[in-house]
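Student:
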Amino acid sequence: MQSTTQAARSGRRSDADRQVRRVVVPLDGTENAERVLPYVQFLARWYRADVTLLHVLFRPQRPQSGPDSIIYPDSLHDRAHSLATEYLAEVARKLMETGLNPRTVVVSGDPVRVIAAHATHDAFELTAMGTNARSLLSRMWRESVFEKLLATSKVPLFVVNARQNRARYEVPSEPRGLLVVLDGTGVARRSIPYAIGLARAGSLRVTLLHVVKSRRSPPGAGNASAAQQVQESVARRLEAAATQFKAAGLSVTIEIRFGPPADTIVQVQNELGGYIAVIASRVRRGWRRTVFGSVLDRAIRSSPDPLLVVPVRGWRQRDTSAADNVAPWPA
169 MQSTTQAARS
179 GRRSDADRQV
189 RRVVVPLDGT
199 ENAERVLPYV
209 QFLARWYRAD
219 VTLLHVLFRP
229 QRPQSGPDSI
239 IYPDSLHDRA
249 HSLATEYLAE
259 VARKLMETGL
269 NPRTVVVSGD
279 PVRVIAAHAT
289 HDAFELTAMG
299 TNARSLLSRM
309 WRESVFEKLL
319 ATSKVPLFVV
329 NARQNRARYE
339 VPSEPRGLLV
349 VLDGTGVARR
359 SIPYAIGLAR
369 AGSLRVTLLH
379 VVKSRRSPPG
389 AGNASAAQQV
399 QESVARRLEA
409 AATQFKAAGL
419 SVTIEIRFGP
429 PADTIVQVQN
439 ELGGYIAVIA
449 SRVRRGWRRT
459 VFGSVLDRAI
469 RSSPDPLLVV
479 PVRGWRQRDT
489 SAADNVAPWP
499 A
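499 is the number that this note's numbering gives the last residue of the sequence shown; the numbers go up by one with no jumps.
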């Protein structure tokens with residue numbers, strides 16, 4: 169009998185594997201946004217998904233006018249719409265050379281609201297975008313479109329660090345696996361169904377990672393006994409999570425590290441090479457995120473490979489018991 173991995177490679181997949189049928193790719197005309205395009209090729213092929221390239225024109229509201237006012241045609245906006253249409257057509261032509269047949273859409277409005285609305289109401293299961301994660305000073309000045317979208321999106325985001333030293337259309341090596349980040353909470357486990365779907369679609373290896381927050385890695389000798397207890401508790405949790413991946417016919421390994429969460433995630437990504445990090449996050453907003461940032465912010469800023477971010481909202485339960493002595497870290 170053909171294994172799940174072999175079936176995926178041969179192109180025969182069950183309907184359950186097709187969690188992503190439509191992908192929306194917001195493009196603003198910058199090279200940063202276009203960094204995601206090579207990975208969109210992989211996603212479209214793995215999932216057999218339709219791809220839509222979206223450009224949003226910001227259109228300021230016109231001042232209210234009186235009954236005798238003359239309203240002139242907005243020639244500047246019309247010209248911008250024409251240029252945006254030509255731009256997306258050129259991007260689409262380049263993608264067609266790789267076998268894709270993307271749709272192109274140009275609309276006007278607030279970029280965050282438009283992207284989120286398209287993803288939700290047009291039944292897109294994934295938003296793929298390139299971003300340049302910013303410093304504390306930049307975040308204090310204003311939130312970027314990506315940061316606002318991350319806090320409002322109802323669908324997962326496939327994110328590529330635009331600081332990667334790669335040309336826009338240079339095709340990177342095909343990703344080899346997934347690094348699924350779990351911290352012992354129900355929030356983190358919300359990423360598991362998406363990770364299973366992506367791993368099956370792309371025939372990817374899976375590594376489950378739990379980072380025990382610690383300033384020193386490994387802990388000092390005086391804390392060896394406590395560290396061993398923590399490690400055993402974490403291992404039980406990861407093994408329980410691994411059963412879901414194994415039931416889907418996937419090969420799974422587990423990894424437990426001690427250290428700063430964001431730095432450790434990036435370190436493991438570097439060690440593995442070509443692994444997409446999968447992180448579920450209850451994204452915080454306001455001054456707390458602006459000042460302190462988050463594990464996700466720092467991981468995006470330094471990650472050498474893409475991340476699949478699963479936004480979680482309205483989740484209050486923290487199911488890490490005190491006896492385990494494993495504190496979840498803020499994502």
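Think of the CB as a built atom: it goes at the ideal place given N, C-alpha and C, for glycine as much as any other residue. Since we're looking at a predicted model, the values are computed, not measured.
1) Would you call the region 317-332 and the region 265-285 in contact, with 3 or more CB pairs under 8 Å?
2) Determine contact between the region 266-276 and the region 213-223, defined as no fewer than three beta-carbon pairs at a distance below 8 Å.
3) State the Cα-Cα distance for the pair D431 and R469, rounded to the nearest angstrom.
4) Which of the three DSSP states, helix, strand or coil, is assigned to D183?
5) Could you tell me which of A367, L294, E315 and E342 sits nearest to S419, measuring between CA atoms?
6) Taking the alpha-carbon positions, what's the P340 to L372 distance?
7) Run the CB neighbour count on L244, radius 10 Å, all protein chains shown included, and call it buried at 16 or more, exposed below.
8) Tell me which residues share the same chain as I364 and place their Cβ nearer than 8 Å to its Cβ, disregarding the 5 neighbours each side in the sequence.
9) In the DSSP assignment, find the unbroken alpha helix (DSSP H) run with V348 in it and report its ends.
10) Between V313 and D290, what straight-line distance do the alpha-carbon atoms span, to the nearest angstrom?
11) Let's see if you can read the secondary structure: which residues bound the beta strand (DSSP E) around L464?
12) Does the beta-carbon of M297 have 16 or more other beta-carbons within 10 angstroms, so that it is buried, or is it exposed?
13) List the residues that DSSP assigns as beta-bridge partners of L381.
14) Which residues does DSSP list as the beta-bridge partners of P479?
15) By Cβ distance, which residues of its chain are closer than 8 Å to P324, with the 5 residues on each side in sequence left out?
16) I think L346 touches A409, with their Cβ atoms under 8 Å apart; what is that distance to the nearest whole Å?
17) Would you mind reading off the limits of the beta strand (DSSP E) that contains D246?
18) Assuming the contact rule is C-beta atoms closer than 8 Å, H378 and V355 should be a hit. Round their C-beta distance to whole Å, please.
19) If we count the other Cβ atoms within 10 Å of its Cβ and call it buried at 16 or more, is L226 buried or exposed?
20) Do Y443 and D473 count as a contact pair if the criterion is CB distance below 9 Å?
21) From the DSSP secondary-structure annotation, give me the bridge partner or partners of L406.
22) By the 10 Å Cβ neighbour count, where 16 or more other Cβ atoms means buried, how is S250 classified, buried or exposed?
23) Check N269 in the structure and name its three-state DSSP category.
24) So what's K329 in DSSP terms, helix, strand or just coil?
25) The beta strand (DSSP E) with L143 in it runs from where to where?
26) On the DSSP bridge assignment, give the partners of R373 in chain order.
Tutor: So, from the data block:
1) The region 317-332 is in contact with the region 265-285.
2) Flag = yes, the region 266-276 and the region 213-223 touch.
3) C-alpha of D431 to C-alpha of R469: approximately 10 Å in a straight line.
4) Low per-residue confidence applies at D183: pLDDT is 39, beneath 50, and the placement is therefore not dependable enough to give any value.
5) Residue A367 is the option with its Cα nearest to S419.
6) Near 16 Å, if we compare the C-alpha coordinates of L372 and P340.
7) L244 should be labelled exposed.
8) Closer than 8 Å at the Cβ level, and outside the excluded window around I364, lie Q412, F413, A416 and L418.
9) For V348, there is no enclosing alpha helix (DSSP H); the residue is found in the beta strand (DSSP E) stretching over G345 to V349.
10) Whole-angstrom Cα-Cα distance: 20 Å.
11) Here L464 belongs to no beta strand (DSSP E); instead the alpha helix (DSSP H) covers V463 to S470.
12) Per the 10 Å Cβ criterion, buried.
13) According to the sequence shown, residue 381 is Lys rather than Leu. K381 pairs with G427.
14) S449.
15) Closer than 8 Å at the Cβ level, and outside the excluded window around P324, lie E293, L294, T295, Y362, L476, V477, V478 and P479.
16) With a Cβ gap of about 13 Å, L346 and A409 do not count as contacting.
17) Element bounds for D246: not the beta strand (DSSP E) but the alpha helix (DSSP H), S243 to M264.
18) The distance from the Cβ of H378 to that of V355 is about 14 Å, inconsistent with a contact at the 8 Å cut-off.
19) In the sequence on display, residue 226 carries Phe and not Leu. Label assigned to F226: exposed.
20) A contact, by the Cβ cut-off of 9 Å.
21) According to DSSP, L406 shares a beta bridge with no other residue.
22) Counting the other Cβ atoms within 10 Å of the Cβ of S250 gives fewer than 16, which makes it exposed.
23) In the structure shown, N269 sits in coil (DSSP, three-state: anything other than H, G, I, E or B).
24) The question names Lys, but residue 329 is Asn in the sequence shown. Three-state DSSP puts N329 in a strand.
25) Absent from the model: residue 143. The displayed extent of the chain is 169 to 499, so no value can be given.
26) Here R373 is bridged, per DSSP, to G345.
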